[in-house]
Amino acid sequence: MGDQAAQEVAHRRPHGPPYPAGGGNVVAASGDHGREAGLAAGLAAGNHEALAELYDRYATLAYGVAMRVLGDPGRAEDAVQDAFMNVWNRAASFDAHR
């Protein structure tokens with residue numbers, strides 16, 4: 009299951025300039041908390057579509073942070089992919105009540 013998820017995340021990497029600046033949903037609206045909990049539940053259930061949606065929502069933000077910290081596009085892309093794989097692999101431990 010993890011290998012398939014890794015392939016799906018890797019295939020979502022854009023071609024050309026990675027993660028366009030200013031794109032993506034940087035801050036979730038207050039009404040999105042239920043949707044976020046639903047995504048977490050989907051991840052915990054092994055739903056690859058939930059992983060794809062989470063990636064689409066936050067990869068741009070994560071890449072921007074990684075670029076500022078690491079200063080290297082390749083290392084930043086790897087860090088983002090690693091972060092999303094950690095989310096995928098640890099989704100079952102998410103506690104929606106915290």
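Position 4 (the sequence shown) corresponds to 12 in the numbering used here; numbering is contiguous.
For each residue, glycine too, the CB sits at the ideal point set by N, CA and C.
Under the 10 Å beta carbon count, VAL77 is surrounded by fewer than 16 other beta carbons and is classified as exposed. Annotated as distal: ALA99 and VAL88, with beta-carbon spacing of 8 angstroms or more.
MET93 and TYR66 have their C-alpha atoms spaced approximately 13 angstroms apart.
Annotation: the segment 31-94 contains the following complete segments of the alpha helix (DSSP H) (minimum length 4 residues), in chain order: 41-52 and 56-78. Residue environment: GLU44 is assigned as exposed (fewer than 16 neighbouring CB atoms within 10 Å of its CB, all protein chains considered).
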